[in-house]
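>
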Amino acid sequence: MDGKPARSVGLTDYEKDAVKHLCLLTMKPIIYVANVAESDLAEPGYNPHVNELMNLASELQSGIVTISAQVESELTELPSEERTEYLKSLGVSESGLGNLIRETYSLLGLRTYFTSGEKESKAWTILAGMTAPQAAGVIHSDFEKGFIRAETVSYDDFVTSGSLAAAREKGLLRSDGKDYIVQEGDVMLFRFNV
């Protein structure tokens, strides 16, 4: 273990629990963020410094995200409809910030689900593996206590349908019980009684 982060040792779950009270900083997951030139964005591995960082991240079982601060700054100045075209012209499909957020969510084991009503739609962040009642409890503890069921539709089906009501009419809305594990992008309506 000399000179290596604790996260790279390969501890069992039992061993991780045994050393948890030590609060070892090197047990924490890491994402390295490399700021690259616009010209290196599509193929960051060709940059020798980024390539070295990629090798280090792999060795230390860490993530790496490349980002161009210059491009991110320019994206903030563009109307949203032009951003995709600009990124495409650079040979990438997603902004560095979007990529960093996605990688961070993955590293921390987080998922997003949505609720949608007539007036607003809202995103909620939960831990991966949460059941429908636990996800409902993120909104309000009464939702979890009185959980009956969740009416659920996938994000893509929701967008295609335009609303929960339209998804229901098309037969895309399903009824999920207490054991349902919430999936990334689920759009949910919770039925509860307190």
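If you're matching positions, the sequence shown starts at 1 in UniProt numbering and goes up one per residue. C-beta atoms are modelled at their ideal positions from N, C-alpha and C, and glycine is treated no differently. Quantities reported herein were computed from a predicted structural model and do not represent experimental measurements.
In whole angstroms, what is the alpha-carbon distance linking Glu-52 and Tyr-32?
Along the sequence shown, read from residue 1 onward, the residue named residue 52 stands at position 52. Along the sequence shown, read from residue 1 onward, the residue named residue 32 stands at position 32. If I take the Cα positions, the gap works out to 12 Å.
> The beta strand (DSSP E) that contains Leu-125, what's its start and end?
The residue you call residue 125 lines up with position 125 of the sequence shown. According to the sequence displayed, residue 125 carries Thr and not Leu. Taken as a continuous stretch (DSSP letters only), the beta strand (DSSP E) holding Thr-125 covers 121 to 127.
> Per the DSSP calculation, Thr-84 is bridged to which residue(s)?
Residue 84 sits at position 84 when you count from the first residue of the sequence shown. Looking at the DSSP assignment, Thr-84 forms no beta bridge with any residue, so it has no partner.
> Please state the DSSP three-state secondary structure of Asp-179.
Taking the sequence shown and counting its residues from 1, one reaches residue 179 at position 179. Coil.
> At which residues does the alpha helix (DSSP H) containing Tyr-14 begin and terminate?
As a working mapping, residue 14 is identified with position 14 in the sequence shown. Its alpha helix (DSSP H) spans residues 13 to 19.
> Can you find at least 3 beta carbon pairs, one from the region 80 to 99 and one from the region 125 to 138, that sit closer than 8 Å?
No, the region 80 to 99 is not in contact with the region 125 to 138.
> If you draw a straight line from the C-alpha of Glu-43 to the C-alpha of Thr-66, how long is it?
For the purposes of this step, residue 43 is identified with residue 43 of the sequence shown, where counting begins at 1. For the purposes of this step, residue 66 is identified with residue 66 of the sequence shown, where counting begins at 1. Whole-angstrom Cα-Cα distance: 10 Å.
> Can you tell me which of the three DSSP states Asn-47 falls into?
As a first step, residue 47 must be located in the sequence shown, where it is residue number 47. Correct three-state label for Asn-47: coil.
> Tell me, which residues are paired with Thr-152 by DSSP?
In the sequence shown, counting from the first residue as 1, residue 152 sits at position 152. For Thr-152, which the question treats as bridged, DSSP gives the partners Arg-174 and Met-188.
> Could you round the C-beta distance between Val-182 and Gly-146 to whole angstroms and report it? I think they count as a contact, below 8 Å.
In the sequence shown, counting from the first residue as 1, residue 182 sits at position 182. In the sequence shown, counting from the first residue as 1, residue 146 sits at position 146. Their Cβ separation, rounded to whole angstroms, is 18 Å, which puts Val-182 and Gly-146 out of contact at 8 Å.
> How should Glu-118 be labelled, buried or exposed, when 16 other C-beta atoms within 10 angstroms of its C-beta is the threshold for buried?
Within the sequence shown, the letter at position 118 stands for residue 118. When all chains shown are included, Glu-118 counts as exposed.
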